[in-house]
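Position one of the sequence shown corresponds to residue 778 (the working numbering), numbered consecutively onward.
Reviewing the structure listed below.
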Amino acid sequence: MSAGWNLPMLLVLSYRPEDPGVADFVRALGPASVEVDLGPLPMAEAESLASLGISPENAKKVAMEGRGDPLVITMLLSSVARGTGATFGEVVAERVGRLPPAARQILRWVCLAEIPLTIGKIANRQTENLESHLVTLR
Numbered sequence: 778m779s780a781g782w783n784l785p786m787l788l789v790l791s792y793r794p795e796d797p798g799v800a801d802f803v804r805a806l807g808p809a810s811v812e813v814d815l816g817p818l819p820m821a822e823a824e825s826l827a828s829l830g831i832s833p834e835n836a837k838k839v840a841m842e843g844r845g846d847p848l849v850i851t852m853l854l855s856s857v858a859r860g861t862g863a864t865f866g867e868v869v870a871e872r873v874g875r876l877p878p879a880a881r882q883i884l885r886w887v888c889l890a891e892i893p894l895t896i897g898k899i900a901n902r903q904t905e906n907l908e909s910h911l912v913t914l915r
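This is the structure in structure tokens:
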């Protein structure tokens, strides 16, 4: 690149509000930065998203169960379309149930661990196709 170029740059960062270090960094970028809060959708918008392909009554139930979270609402819609779980817990259980047994076991270890697990610690218990199972869980 030439030193004389003055190109605009768009930097998109994502962080959770409970991570103050990142929030402070974003605020330190100054007045040129724009912060967009991606909280839950208002109920009317959640119902509108949920109404894609299902009855208004079921859309209201999906929107309420999804608590305004577009990702959860989309997961619930997919589940309703397949005729499986109607609650977020049922959707998660169904998705976990589709995992290969070894991947499910790794997920259990990670969920129950009281400390972060390194790949080395997981490899001590699960060595067969470990990389494949970790890719599945991503």
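Even for Gly, the Cβ is constructed at its ideal location relative to N, Cα and C.
| Item | Value |
| --- | --- |
| Where do the N-terminal and C-terminal ends of the alpha helix (DSSP H) with residue 886 fall, by residue? | 878-889 |
| Label residue 873 either buried or exposed according to how many other C-beta atoms from any shown protein chain fall within 10 Å of its C-beta, with 16 as the threshold for buried. | exposed |
| The alpha helix (DSSP H) with residue 807 in it runs from where to where? | Note, residue 807: premise wrong, no alpha helix (DSSP H); not H, not E. |
| I need the DSSP call for residue 832, collapsed to helix, strand or coil. | coil |
| At the level of alpha carbons, what is the spacing between residue 917 and residue 809? | In the structure displayed, the chain extends from 778 to 915; residue 917 sits before or after that span and is not available. |
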